[in-house]
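*Asks:*
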Amino acid sequence: MVSPGAWTNGRQAEPTPPHRLGRADWVANRQNGRSRRPAPAPDLKVPGPAEPGALAALPRSRFLKIRGGETTPPKMRRVVFEARPAQAFGRLVVWLVTLLRYLGANWLDAIRSRSTPERRAARLRQAFERVGGTGVKIGQYLAMRLDFLPWVYCVELSQMLDKVPPFPATAAIAAIERRTGQPLAQTFARFDPEPVGSDSVAGVYQAILRNGQQVVVRVRRPGVGELFMADLLVLDWILLAIEYLTILRPGFSQQMRHEFRSAILGSLDFVQEARFQDSFRRAAKRSGRRFFTAPRIYFDYSGEDVIVEEFVSGMWMWELLAGIEQQDERVLALARELNIDPVRVAQRLMWINFWGWDANFFFHADPHPDNIIIGRNGRLTFLGFSAIGAIDPKKRAAMHQNMYYLDRNDPLGMARATVTLLEPLPPIDVLEFTKELEAYNWQMLYVRASSLANPSRADRSLAIQWIGVFRVAARYGISMDFQALRLLRTMLFSDTLAGRLHPDVDLVPEYRRFARYRARRARLRVMRNIKRQLDKGSDQKTYIRLERFAYMTDGLFARLRHVLSIPAANFSALIGKGSSAIFSLVAFAVQALLVTAVFAGATVLARLAFSGAMPSQAAVVEALLSNPWYQLLLLALFLINTRSVLFHLEDVDVG
């Protein structure tokens, strides 16, 4: 039997001895994503305490899992990063050079008649990877913007590599000692200074606590916060300049920049990530299902730049996928030895996805194969909780309605549920928008019905529906809510992973199973409440609930009367275009006056310097009218403001 770490992205590599897998071998085996755990291998005995000093190499293989007690999460301080102006200007040069190289290569492809979306998408991914750091994060964020980028770009960017050379272990040790307030040897019986993983945010190490528990230590990269903030500042400069030049609609990137900033800060916030991971693990335990969890966080040793968590053994999801797709008997034999059934794993993936956005406070927004470990009996352990999502009850109900109408082959009901999911909407023709969504839903239902005789995984996927949603939303200029985007992307990702594990797993029957689980849980909650009321009798809280229900009913009728009394015409939409055009004209007039004043002042100073006499007003006007730079600048300002007016004229009036 060989370590499944000997498989690399679907290609067979030379087997590595289970007693030692060096960092270079580990990086070679992990060509498609960051590594977060040592490669699993047959169980080994946990070595005894090392010599004084605690620094010692550890076998790159699976250890015995030792369970320990839980600790209450203490308050951990959160840090705030600030960008240095000099560093920001340096990064601006890097970004501009990368942008020019990308545009130049695309231009050469166009001249040679070999430009294709696939080539441009691959080149964009490579450009982000060359920038590194925030470039990788930008690419990963854009991979979720299915409403902004074409599908081929999103697929390509989702395959980005986040591999960065490791930083010195001395810096990691210093951060750990700073957090614990004691020497390393008093915290760990053994700490391997050679990292098992290194990405743009952190380095990952393995260690053994003094009580013998095997752990994984994640340490934030020194200076990464300041670097990311500098790149965010540069991104603001570039996008604001693009908007000012009306290459993009003014204000188009505001929400996107805000969402990306939140995503970047989330990846740097180890305090928040640790708490989300612990919350997910506890919620999974309360769900009554024992087939999924997350590693236990050791809060006593974790802080703002260090996370110490439970070591988990098993197969990576990407290893199982590679073994199935290549039909390698050695990997499949190991899966059978661990009692891992791909069909059951696929069904559990879908169930966990439904549970995350429906029953839990949040869902895991990045179910990438690098973030899932499959343990014995197919137990799934989720990693990487820097990317999570949550939706409000209204959108949650819309998702359930979409699945309900899908089960009943009702494309119009699905379209109406999708409209609710996308709210708030800009001024558009909602009826026409709904009809276009319904057309994509009909297309998906036709394909599903025709695939019954010769079923394939792609035919049963919801990709047709959601890709249609993204295309129609982009055509109507709808900027989708980021949390809704995360949810739809997570649904697609889980559906795709399940299909790769086994093509016969269908989303709709799995949702029916989850709906039965929801019904059972709801019945238990209602029965417990009824039993509690019967045992204790009616108390004051019962009357308070009745009073609240009466208030809610009165408020509902008041809102209904208000909606029915609203005039049919939307006057704000009717005057919006006119006011926008007037504002743009005023802005152009002010800009033209400022430019004229600057050029007139420069002309007067030049005449005084050369002739010593004050020029006349007519001479200044004549000089301005004959100055080509003045004319070009006025023309550019006129075009910019005109394009801004045209952007607003494209908006659809809603009556």
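Note that this note's numbering has the sequence shown beginning at 251, numbered continuously upward.
Even for Gly, the Cβ is constructed at its ideal location relative to N, Cα and C.
Between which two residues does the alpha helix (DSSP H) holding residue 426 run?
*Replies:* 419-430 is the span of the alpha helix (DSSP H), which, as asked, contains residue 426.
*Asks:* Grab me the residues of residue 888's own chain with a C-beta within less than 6 Å of its C-beta, minus the 5 sequence neighbours each way, in chain order.
*Replies:* Taken in chain order, the list of residues that qualify is empty.
*Asks:* Measure the alpha-carbon distance for residue 598 versus residue 781 and round it to whole angstroms.
*Replies:* One C-alpha to the other measures close to 33 Å.
*Asks:* To the nearest angstrom, report how far apart residue 694 and residue 413 are at their CA atoms.
*Replies:* Those two C-alpha atoms are separated by around 38 Å.
*Asks:* Select from 633, 609, 418 the residue whose C-alpha is nearest the C-alpha of residue 210.
*Replies:* Nothing in the structure corresponds to residue 210, since the chain is present only between 251 and 905.
*Asks:* Report all residues from its chain with a CB closer than 6 Å to the CB of residue 443; omit the five preceding and five following residues, and keep chain order.
*Replies:* Counting only Cβ-Cβ distances below 6 Å, and skipping sequence neighbours, we find 305, 419.
*Asks:* Among the residues of its own chain, which have a CB less than 7 Å from the CB of residue 368, if the five just before and after it don't count?
*Replies:* Same-chain partners within the cutoff: 402.
*Asks:* Between the Cα of residue 392 and the Cα atoms of 405, 586, 382, 355, which residue gives the shortest distance?
*Replies:* Per the Cα distances, 405.
*Asks:* What are the start and end residues of the beta strand (DSSP E) that includes residue 455?
*Replies:* Segment 452-459, the beta strand (DSSP E) holding residue 455.
*Asks:* Residue 528: which of 718, 866, 557 sits nearest, CA to CA?
*Replies:* Nearest C-alpha to residue 528: 557.
*Asks:* Residue 486: which of 338, 669, 879 sits nearest, CA to CA?
*Replies:* Of the candidates 338, 669, 879, the one whose C-alpha sits nearest the C-alpha of residue 486 is 338.
*Asks:* Just to confirm, are residue 476 and residue 600 a CB contact at a threshold of 8 Å?
*Replies:* Result no, Cβ atoms of residue 476 and residue 600 do not sit closer than 8 Å.
*Asks:* How would you call residue 886, buried or exposed, if buried means at least 16 neighbouring beta carbons within 10 angstroms?
*Replies:* Result: exposed.
*Asks:* Can you list, in chain order, the residues of its chain with a C-beta nearer than 6 Å to that of residue 880? Leave out the 5 residues immediately preceding and following it.
*Replies:* 849, 874.
*Asks:* How many Å lie between residue 717 and residue 650 at the Cα?
*Replies:* Cα-Cα distance, rounded: 19 Å.
*Asks:* Nearest CA to the CA of residue 751: which residue from 865, 663, 567, 374?
*Replies:* Checked all of 865, 663, 567, 374; the closest Cα to residue 751 is 567.
*Asks:* What does the alpha-carbon distance come out to for the pair residue 543 and residue 531?
*Replies:* Each residue's alpha carbon lies about 5 Å from the other.
*Asks:* Using DSSP with H/G/I as helix, E/B as strand and the rest coil, what is residue 664?
*Replies:* Looking at residue 664 - three-state DSSP - the assignment turns out to be helix.
*Asks:* To test your reading of the DSSP string, which unbroken alpha helix (DSSP H) runs of 4 or more residues are found completely within the segment 833-882?
*Replies:* Segments of the alpha helix (DSSP H) lying fully in the segment 833-882: 867-875.
*Asks:* Excluding five sequence neighbours on each side, which residues of the same chain lie with their C-beta closer than 6 Å to the C-beta of residue 345?
*Replies:* So the qualifying residues of the chain are 484.
*Asks:* Here's a check: name, in chain order, each residue in its chain whose Cβ is nearer than 6 Å to the Cβ of residue 559, leaving out the five neighbours to either side.
*Replies:* The residues are 466, 545, 547.
*Asks:* Quick one: grab the DSSP three-state call for residue 744.
*Replies:* Reduced to three states, the DSSP call for residue 744 is helix.
*Asks:* Report the partner residues of residue 557 according to the DSSP bridge assignment.
*Replies:* In the DSSP output, where bridge partners are listed per residue, residue 557 has 468.
*Asks:* Please confirm if the segment 764-781 is in contact with the segment 662-670, defined as three or more CB-CB distances below 8 Å between the two stretches.
*Replies:* Judged by Cβ distances under 8 Å, the segment 764-781 makes no contact with the segment 662-670, as fewer than three pairs qualify.
*Asks:* State whether the segment 371-390 contacts the segment 425-440, with contact taken as three or more CB pairs (one from each stretch) at a distance under 8 Å.
*Replies:* No, because fewer than three Cβ pairs between the segment 371-390 and the segment 425-440 fall closer than 8 Å, the two stretches do not touch.
*Asks:* Could you spell out the range, first to last residue, of the beta strand (DSSP E) harbouring residue 439?
*Replies:* Unbroken beta strand (DSSP E) run through residue 439: 438-441.
*Asks:* Evaluate residue 730 with the Cβ neighbour count: other Cβ atoms within 10 Å of its Cβ, from every protein chain shown; 16 or more gives buried, anything less gives exposed.
*Replies:* By the 10 Å Cβ count, residue 730 comes out buried.
*Asks:* Taking only the alpha-carbon atoms, compute the straight-line gap between residue 534 and residue 623 and give it to the nearest angstrom.
*Replies:* So the two alpha carbons sit approximately 15 Å from each other.
*Asks:* Based on the DSSP output, what are the partners of residue 565 in its beta bridges?
*Replies:* Residue 565 is bridged to 624.
*Asks:* From what residue to what residue does the alpha helix (DSSP H) around residue 630 run?
*Replies:* Counting along the chain, residue 630 falls outside any alpha helix (DSSP H), though it belongs to the beta strand (DSSP E) covering 630-632.
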